[in-house]
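Since the structure comes first, as structure tokens, the remarks are kept for the end.
Residue numbers (the numbering used here): 1 to 131.
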């Protein structure tokens, strides 16, 4: 199970892509949960462009990860929802939209994250079921 938020999302995706490039064949992941993820330059955060400069081959991640979910807010002012939707589409990830969640920071009223907990429980239930 891998979970990433914002910059942690593209970091997680690039790390998983690196497993494939590094010749670590046959890896499997039960779940990937990304929150406010992005893989393209953000005009409001140009200092992060280096993280999105290199394209990612998503196919090995899709093939090796049983379940993928993107959680995004409809009013995220840091990572516009379209960026998260684009990454979700590239990863063939299911999408959960949280109305009014902002960027899911404590400043946005987030001190717990039931949507992530639900996604993780569902993914872990599959692992437990399949042994």
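Even for Gly, the Cβ is constructed at its ideal location relative to N, Cα and C.
Residue i in three-state terms, based on DSSP
{"i": "residue 70", "result": "strand"}
{"i": "residue 34", "result": "strand"}
{"i": "residue 8", "result": "helix"}
{"i": "residue 2", "result": "strand"}
{"i": "residue 41", "result": "coil"}
{"i": "residue 75", "result": "coil"}
{"i": "residue 113", "result": "coil"}
One or two residues paired with residue i in a DSSP bridge
{"i": "residue 29", "result": "65"}
{"i": "residue 94", "result": "69"}
Sub-7 Å separation of residue i and residue j beta-carbons
{"i": "residue 39", "j": "residue 69", "result": "no"}
{"i": "residue 33", "j": "residue 98", "result": "no"}
{"i": "residue 37", "j": "residue 1", "result": "no"}
{"i": "residue 17", "j": "residue 57", "result": "yes"}
{"i": "residue 92", "j": "residue 71", "result": "no"}
{"i": "residue 102", "j": "residue 73", "result": "yes"}
Of the listed residues the options, nearest to residue i (C-alpha basis)
{"i": "residue 104", "options": "28, 91 and 81", "result": "81"}
{"i": "residue 26", "options": "65, 56, 42 and 72", "result": "65"}
{"i": "residue 86", "options": "41, 120 and 123", "result": "41"}
{"i": "residue 60", "options": "73, 29 and 47", "result": "29"}
{"i": "residue 164", "options": "102, 88, 51 and 113", "result": "This structure cannot speak to residue 164, because the chain is shown only from 1 to 131."}
{"i": "residue 114", "options": "55, 35, 53 and 45", "result": "35"}
{"i": "residue 44", "options": "83, 121 and 3", "result": "83"}
Alpha helix (DSSP H) segment containing residue i, residue limits
{"i": "residue 51", "result": "49-52"}
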